[in-house]
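Residue numbers (the numbering used here), protein chains in the order written: chain Y, 1 to 124; chain L, 1001 to 1381. Where is the CB? At the ideal position from N, CA and C, for every residue including glycine. Here is the structure we will look at, set down as structure tokens.
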């Protein structure tokens, strides 16, 4: 029973590691709406990932159509945690609305934002 | 107050696709928004993406059964309080006892007519909702008794200007938006609009911490003859970053200082949406942007400020993200430019606040996804 539970509790795939390289992780965010309902889980999963791997996370947000302020707060908290570990979080695949919002509230100065995964990994 | 009528969401979990289809059809017909999962595993994935108002789960499922699924749900802080009901094929005393230990609210035997299952769920959610309302009422009463407000009763009289504001809460629960007007001397008045990132009660409670620091920084700034909104923001940000209780809590802020003697307004912003400035002379809007980051993000951040020389008929619109968010066909969007375009159609050189308010009030409640606030400043003379 314990083994079975462990297997299944590892299943919630709000975020998926698509690629694990020596200096970065490419992580897919499987959400249509990134909001208050999923922000806390997202934050704890990303922080666990940072604690485990200690390297840059490239978050692919191509499936995300909306981000609310609670989720943005979780994203920034994760970035602050990354910085404290001398790691980083970069964003790729942003929909236009989301990119515009991040620019309007100056989060584009805080997160490295790239058009594509290739651009995000060029300097690594 | 606007009360939103959002359909209740239910997650239906059963490994029998036919039964699931029948249940889903009945619940949808009764006005529920249904999400279905043919296994506990699939249900867990769906719960990671969206939270329902209730979970109705089969007990007997291959691999992970209903009890194991319930145990998983209870371990998740964001899921554990969602009302959970078991569907069973039989009345099993042992299962009932195990389930009660796992805080399942009820059991439904699968043979029960589907309309009875729907009615049972409706009654359950009505009870949960009533309980929640009563708890919220208690908090609201306590807040009223303490006379704490994150939004003032009325707009202030500021010489040479007409100032108005509009605020809407989300699902009738206070949120992270806060508004304040402070007249510190005969010469200076301050206008404050902020938004603590988050929703509902938690954000509302935290907004008071931010407001207290901002009020104190404004007063100290004036006492020390430091009339710079950028400098006030720097101090507020520094204090917030050093306050352990506000760790990882962020807020936007638009801070404006009206100088009655010189007749101008100075603005500084922290991660706020650009202000929209209507100039009566050109009949055009301009977007006013500051470069400052959200409060609480990093220490020692520099903020900039800009002076606005408002002329009679000129108008400033200062607003939070709840004003530009909307839901359409089940999807949520943020669109600053769309709101800016709407403002262009309703603004002229007369005070346009009433028209703006009419537009905002007419927005369908179901399209609201967050609390929203807007302050309107109209230069009279």
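- For the pair residue 1039 of chain L and residue 1061 of chain L, the CB atoms are nearer than the 8 Å cut-off.
- Restricting attention to L:1373, L:1218, L:1219, L:1378, the CA atom closest to the CA of residue 1169 of chain L is found in L:1373.
- Taking a contact as a CB-CB distance under 8 Å, the pair residue 1160 of chain L and residue 1008 of chain L does not count as one, their CB atoms being some 50 Å apart.
- Here residue 1255 of chain L is actually not in contact with residue 110 of chain Y; their C-beta atoms are around 20 Å apart, not less than 8 Å.
- Taking a contact as a CB-CB distance under 8 Å, the pair residue 94 of chain Y and residue 61 of chain Y counts as one, their CB atoms being some 5 Å apart.
- Counted as a single uninterrupted DSSP element, the stretch harbouring residue 1198 of chain L is not any beta strand (DSSP E), since DSSP gives it neither H nor E.
- Judged by DSSP in its simplified three-state form, residue 1209 of chain L adopts helix.
- C-alpha of residue 1232 of chain L to C-alpha of residue 1268 of chain L: approximately 9 Å in a straight line.
- Scanning L:1215, L:1225, L:1024 for the CA closest to the CA of residue 1191 of chain L turns up L:1215.
- For residue 1211 of chain L, the nearest beta carbon of chain Y is not closer than 8 Å to its own beta carbon.
- Residues of the same chain with a CB within less than 7 Å of the CB of residue 1274 of chain L, apart from the 5 flanking positions on each side, are 1287, 1288, 1289 in chain order.
- Under the three-state reduction of DSSP, residue 1280 of chain L is assigned to coil, being neither helix nor strand.
- One thing to note: residue 1057 of chain L has its Cβ no nearer than 8 Å to the Cβ of residue 1118 of chain L.
- Beta-bridge pairing by DSSP links residue 1034 of chain L to L:1010.
- Setting aside the 5 residues that flank it on each side, residue 65 of chain Y is surrounded in the same chain by 32, 33, 95, each with a C-beta closer than 7 Å to its C-beta; the list follows chain order.
- Look at residue 1363 of chain L here: in three-state DSSP terms it is coil, with no helix or strand label.
- Three or more Cβ pairs closer than 8 Å define a contact, and the stretch 1258 to 1265 of chain L falls short of that threshold against the stretch 1239 to 1250 of chain L.
- At a cut-off of 8 Å between beta carbons, residue 1066 of chain L makes no contact with chain Y.
- For the pair residue 1043 of chain L and residue 1069 of chain L, the CB atoms are nearer than the 8 Å cut-off.
- Measuring C-alpha to C-alpha distances from residue 1151 of chain L to each of L:1120, L:1193, L:1034 identifies L:1193 as the nearest.
- From the beta-carbon of residue 1336 of chain L, the residues of chain Y found nearer than 8 Å are 100, 101, 104.
- With respect to the C-alpha of residue 1332 of chain L, the residue from Y:56, Y:69, Y:46, Y:59 having the closest C-alpha is Y:69.
- Here the alpha carbons of residue 1077 of chain L and residue 92 of chain Y stand approximately 29 Å from one another.
- Contact check for residue 90 of chain Y against residue 47 of chain Y fails: the beta carbons are separated by 8 Å or more.
- Against chain Y, a Cβ distance below 7 Å from residue 1271 of chain L picks out 105, 106.
- Counting only residues of its own chain and dropping the five nearest sequence neighbours on each side, residue 108 of chain Y has a CB closer than 7 Å to the CB of 102.
- Residue 1052 of chain L counts as buried, since at least 16 other C-beta atoms from the protein chains shown sit within 10 angstroms of its C-beta.
- Assignment of residue 1088 of chain L by DSSP, reduced to helix, strand and coil, places it in the strand class.
- Per the C-alpha coordinates, the member of L:1277, L:1313, L:1371, L:1305 positioned closest to residue 1162 of chain L is L:1313.
- Secondary structure at residue 1024 of chain L: helix, using DSSP grouped into helix, strand and coil.
- Under the three-state reduction of DSSP, residue 1352 of chain L is assigned to coil, being neither helix nor strand.
- Around the beta carbon of residue 16 of chain Y, a 10 Å sphere encloses fewer than 16 other beta carbons of the protein chains shown; the residue is thus reported as exposed.
- DSSP places residue 1303 of chain L outside both helix and strand once states are collapsed to three, so it counts as coil.
- Counting the other CB atoms within 10 Å of its CB gives residue 1218 of chain L a total of 16 or more, which places it among the buried residues.
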